[in-house]
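Okay, structure first, notes after.
Residue numbers (the numbering used here), protein chains in the order written: chain A, 65 to 347; chain B, 5 to 263.
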């Protein structure tokens with residue numbers, strides 16, 4: 065009985081593990097090894113050198129730091145807004161909660177390129193927002209700071225990731241039963257205590273996944289800074305692309321990619337611990 | 005006091021809704037605008053941009069490819085991911101959580117790098133011709149972790165006593181799954197399937213590197229974007245949007261998802 069159960073579980077897990085290993089683990093390991101190689105006269109040279117990583121930290125520290133700041137801003141703004149929205153849907157909107165959640169579900173499927181493109185159209189100096197302002201007589205000269213700025217990147221990526229952050233948070237808020245909340249209220253708990261001792265501790269898994277998804281996406285994105293970021297938005301994705309593209313330096317490109325991944329892992333682990341501690345119920 | 009907070013909540017909700025929906029709304033409005041310029045004031049109602057796009061054989065081909073890829077990816081990754089979440093659910097040991105963290109590693113890798121890695125793997129190692137099959141395989145890698153995470157998040161609060169009772173009373177494993185587990189987690193599974201399909205349909209970078217000479221809607225749109233801004237892009241974008249929303253509505257209806 066016990067043994068057959070174990071076998072059945074392994075059978076359930078097998079397809080995922082196979083896809084992961086064959087399609088992902090093997091090629092990505094190769095690229096990891098590659099990040100310790102070097103390029104000589106346009107040819108790959110096997111070996112073990114930390115040169116590429118040294119180069120990342122000497123030549124590309126500024127874009128790395130910039131990417132971190134932008135991704136952190138986007139992740140914090142998005143997680144906060146998403147939690148507030150999910151909380152609204154679950155506890156404040158009553159019977160309309162489902163309808164409000166539905167709006168988030170719908171915008172999940174707007175299309176990645178579509179959204180970036182639309183913000184480009186909206187924020188441009190001849191764009192929707194400026195022409196609407198002029199038409200309504202709010203401004204006379206177009207506002208040029210909207211597009212091709214870090215602001216445009218933050219707005220675009222917040223808009224893109226918001227539904228991806230709302231859903232996991234709502235998922236964990238949905239699991240909270242009304243019973244303990246009502247019981248706590250009946251014995252005189254204030255709304256604040258209900259929030260911090262019952263709701264927040266159960267929302268932590270959702271909060272952590274919302275932050276992680278958003279941060280990862282923002283840190284690794286390449287198309288958004290390319291289309292709406294402008295020249296001063298020097299996000300690392302643009303540099304990674306050029307190493308693999310016309311510069312043909314795969315080892316350096318790999319080292320940059322793994323540095324970004326490392327930065328994401330450290331940030332997410334740290335933030336997950338922070339969220340976990342901050343949402344502990346005060347017993 | 006109570007009224008002030010109710011007002012603040014309403015304001016917040018209205019602002020969020022406008023922020024989330026206005027780009028999509030503006031997109032649809034400009035599809036029907038006569039002028040080739042994308043700004044206000046609107047110049048008049050016209051279907052000319054639809055006419056331009058729908059007469060394009062490359063567009064219809066891209067549309068068909070997108071449908072094939074996202075449907076296949078959605079179904080396969082949801083089945084596989086749910087199986088894994090179920091398999092891991094009762095393994096409360098370190099093994100389960102370790103395996104889950106390992107399987108979710110692919111979405112730590114930026115899509116740009118994933119695309120480059122897949123491209124050099126398929127062509128450099130296997131001499132595999134690129135096409136829809138390589139796109140589907142690649143999409144499974146980054147959609148399955150989402151499915152596993154979403155379904156698993158629901159299983160964390162799951163009460164296994166109900167299943168144990170059913171099994172004690174003689175229900176088969178499959179029957180217990182269908183009559184107890186599935187109804188409880190179905191909304192999460194549908195949510196996961198929709199996310200998988202949406203990710204697949206929306207994906208641009210991985211598709212761009214692994215599709216070879218073909219196009220899906222996003223890579224087709226990218227080609228248009230590179231040629232410059234033209235209102236027919238709005239029509240292509242609207243197709244991507246409507247297709248996805250259609251998938252959502254069907255999904256919601258099948259599962260009678262009530263939020």
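The beta-carbon is built from N, C-alpha and C at its ideal position, and this holds for glycine as well.
Here the structure is a predicted model, which means the values were calculated and not measured.
Mind listing the chain A neighbours of residue i? Cutoff is C-beta to C-beta under 7 Å, in chain order.
i	result
residue 98(B)	In chain order: nothing, as chain A lies at least about 15 Å away.
residue 111(B)	280
residue 161(B)	239
residue 206(B)	175 and 176
So, is residue i buried or exposed, given that buried needs 16 or more other C-beta atoms within 10 angstroms?
i	result
residue 104(B)	buried
residue 67(B)	buried
residue 104(A)	exposed
residue 199(A)	exposed
residue 168(B)	exposed
residue 207(B)	buried
residue 86(A)	exposed
residue 254(A)	exposed
residue 179(B)	exposed
residue 65(A)	Here residue 65(A) scores only 44 on pLDDT, less than 50, and its place in the model is too uncertain to base an answer on.
residue 246(B)	exposed
residue 142(B)	buried
residue 366(A)	Any answer about residue 366(A) is impossible in this case: the structure gives chain A only from 65 up to 347.
residue 106(A)	exposed
Quickly, what does DSSP pair residue i with across the bridge? List them, please.
i	result
residue 107(B)	Its beta-bridge partners do not exist; DSSP assigns none.
residue 103(A)	108(A)
Quick one: residues in its chain with C-beta nearer than 7 Å to the C-beta of residue i, no 5 flanking neighbours on either side, listed in chain order?
i	result
residue 200(B)	77, 78, 81, 82, 147, 150 and 151
residue 144(B)	77, 80 and 81
residue 239(A)	266
residue 157(A)	164
residue 153(B)	108
residue 195(B)	154
residue 213(B)	119, 120, 122 and 123
residue 62(B)	219 and 224
residue 308(A)	314 and 317
Within its chain, find whatever has a CB closer than 8 Å to the CB of residue i; leave out the 5 residues flanking it on each side and keep chain order.
i	result
residue 110(A)	101
residue 120(A)	128, 316, 319, 320 and 323
residue 339(A)	268, 271, 272 and 275
residue 40(B)	234 and 235
residue 214(A)	134, 293, 296 and 297
residue 127(B)	134
residue 154(A)	161, 234, 237, 238 and 240
residue 3(B)	With chain B covering 5 to 263 only, the question about residue 3(B) has no answer from this structure.
residue 14(B)	none
Tell me which same chain residues have a C-beta within less than 6 Å of the C-beta of residue i, skipping the five on either side of it?
i	result
residue 182(B)	none
residue 353(A)	Here chain A comprises residues numbered 65 to 347, so residue 353(A) is not present and cannot be evaluated.
residue 21(A)	The structure shown does not extend to residue 21(A), since chain A spans only 65 to 347, so no value can be given for it.
residue 262(B)	Confidence at residue 262(B) is low in this model, with a pLDDT of 43, below 50, so the placement of that residue is unreliable and no value is reported for it.
residue 244(B)	221
Going along chain B in order, which residues have a C-beta closer than 7 Å to the C-beta of residue i?
i	result
residue 117(A)	Chain B residues near residue 117(A): none, gap ~16 Å exceeds 7 Å.
residue 226(A)	24
residue 88(A)	110 and 145
residue 109(A)	Going along chain B, no residue has its Cβ under 7 Å from residue 109(A), so there is no contact; the nearest lies around 17 Å.
residue 231(A)	195
residue 183(A)	27
Which residues in chain B sit within 8 Å of residue i, going by Cβ to Cβ distance?
i	result
residue 249(A)	What residue 249(A) touches in chain B: nothing, since even the nearest Cβ is about 15 Å away.
residue 284(A)	113, 114, 115, 116 and 117
How would you list, in chain order, the residues of chain A whose beta-carbon sits under 8 Å from the beta-carbon of residue i?
i	result
residue 158(B)	235 and 239
residue 181(B)	Here the premise fails: no neighbours, minimum Cβ distance about 11 Å.
Run through chain B and tell me which residues come within less than 9 Å of residue i, C-beta to C-beta.
i	result
residue 305(A)	116 and 120
Please list, in chain order, the chain A residues whose beta carbon lies closer than 9 Å to that of residue i.
i	result
residue 200(B)	The contacting residues do not exist; residue 200(B) stays about 12 Å from chain A at best.
### Task
Could you tell me which uninterrupted alpha helix (DSSP H) segments, each at least 4 residues in length, are contained entirely in the segment 140 to 175 of chain A, listed from first to last along the chain?
Counting only runs of 4 or more residues that sit fully inside the segment 140 to 175 of chain A, the alpha helix (DSSP H) segments are 161 to 172, in chain order.
### Query
Where in the segment 9 to 67 of chain B do unbroken runs of the alpha helix (DSSP H), each at least 4 residues long, occur, reported from the N-terminal end onward?
Within the segment 9 to 67 of chain B, the complete alpha helix (DSSP H) segments at least 4 residues long are 52 to 58, listed from N- to C-terminus.
### Query
At which residue ranges does the segment 190 to 229 of chain B contain complete beta strand (DSSP E) runs of 3 or more residues, listed in the order of the chain?
Here no run is fully enclosed.
### Task
Enumerate, from N- to C-terminal direction, the unbroken alpha helix (DSSP H) stretches of 4 or more residues contained entirely within the segment 184 to 230 of chain A.
Fully enclosed alpha helix (DSSP H) runs of 4 or longer: 192 to 199.
### Task
Note down, one range per segment and in chain order, each alpha helix (DSSP H) of at least 4 residues found wholly within the segment 124 to 165 of chain B.
As summarised for the segment 124 to 165 of chain B, the continuous alpha helix (DSSP H) elements at least 4 residues long and confined to that stretch are 136 to 160, given in chain order.
### Query
What runs of the beta strand (DSSP E), each 3 residues or longer, lie entirely inside the segment 278 to 307 of chain A?
Correct list: empty.
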